[in-house]
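Single-structure report; data block below.
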Amino acid sequence: MSETAKTKPEIDAPEGPAPAELQIVDLVEGTGEEALASSTVDVHYLGVEYDSGEEFDSSWSRGESINFPLRSLIQGWQIGIPGMKVGGRRKLVVPAAQAYGTSGGHPLSGKTLIFVIDLLGVS
Numbered sequence: 001m002s003e004t005a006k007t008k009p010e011i012d013a014p015e016g017p018a019p020a021e022l023q024i025v026d027l028v029e030g031t032g033e034e035a036l037a038s039s040t041v042d043v044h045y046l047g048v049e050y051d052s053g054e055e056f057d058s059s060w061s062r063g064e065s066i067n068f069p070l071r072s073l074i075q076g077w078q079i080g081i082p083g084m085k086v087g088g089r090r091k092l093v094v095p096a097a098q099a100y101g102t103s104g105g106h107p108l109s110g111k112t113l114i115f116v117i118d119l120l121g122v123s
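Laid out in C-alpha cells, this is it:
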C-alpha cells in the first residue's frame with residue numbers, strides 16, 4: 001500500500017477472511033486539527049471491496065475532495081475518523097454491519113469495505 005499523502009493510495013489485496021470488527025490503522029499521523037464526532041470533514045478517499053479488491057468509489061478519481069458532516073456517514077466512518085488529525089492518512093476496514101448493512105437495498109450491502117482516507121480539513 002502506498003503511504004504517501006496527497007497522492008491516490010493503492011490498496012493491496014487483503015489476505016484471509018474479512019474481519020468481524022472495525023479496523024483502524026494510521027498510515028500517516030497528521031499534525032493538524034483533530035476531527036471530532038461532531039465535525040464536518042474535508043477528505044480524499046479511496047474505497048474498495050474487501051473480497052474482490054475492486055474500487056467502488058474514489059474522490060481521487062473525481063479530481064476533488066469531498067466535504068460532509070461525519071454524522072451523515074456510515075457508522076464505520078463515524079467511529080473511525082474521530083481522533084484523526086488533519087494531514088493524516090488512515091485505513092479503515094469496515095464490516096458490512098458498520099457499512100451499508102448485512103442485506104438490503106444498497107449495492108454494497110453485505111460487503112466488508114476498505115477505505116483509505118486523507119483528512120484535509122475539519123470544521
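Residues 1 to 123 in the UniProt record's numbering are what the sequence shown spells out, letter by letter.
Just so you know, even glycine gets a beta-carbon here, dropped at the ideal spot from N, CA and C.
Cutoff 7 Å; reference residue i; Cβ partners in own chain excluding five residues on either side
i, result
"residue 135", "Summary: the structure shown does not reach residue 135, with the chain confined to residues 1 through 123, and so no result is reported for it."
"Glu3", "Below a pLDDT of 50, predicted positions are generally treated as unreliable, and Glu3, at 45, falls in that range; the measurement from the model is reported next regardless. Once the five neighbours on either side are set aside, the close Cβ partners of Glu3 are Leu27, Val28 and Arg89."
Cβ-based neighbour list, residue i, same chain, cut-off 6 Å, excluding 5 preceding and 5 following
i, result
"Gly88", "Val28, Glu29, Gly30 and Leu119"
C-alpha distance - residue i paired with residue j, whole-angstrom precision
i, j, result
"Arg90", "Leu36", "15 Å"
"His54", "Val48", "The residue asked about is misnamed: residue 54 is Glu in this sequence, not His. Cα to Cα, the separation comes out at about 5 Å."
"Leu113", "Ser39", "23 Å"
"Ala18", "Glu10", "18 Å"
"Ala96", "Gly16", "16 Å"
"Pro14", "Ile117", "17 Å"
Exposure of residue i, with buried meaning 16 or more beta-carbon neighbours within 10 Å
i, result
"Lys6", "exposed"
"His106", "exposed"
"Val122", "buried"
"Ile115", "The sequence shown places Phe at residue 115, not Ile. Phe115 is buried by the Cβ-count criterion."
Cβ distance (whole Å) where residue i is taken to contact residue j below 8 Å
i, j, result
"Val41", "Ile81", "6 Å"
"Tyr45", "Ser58", "7 Å"
"Glu34", "Gly83", "6 Å"
"Val43", "Ser65", "6 Å"
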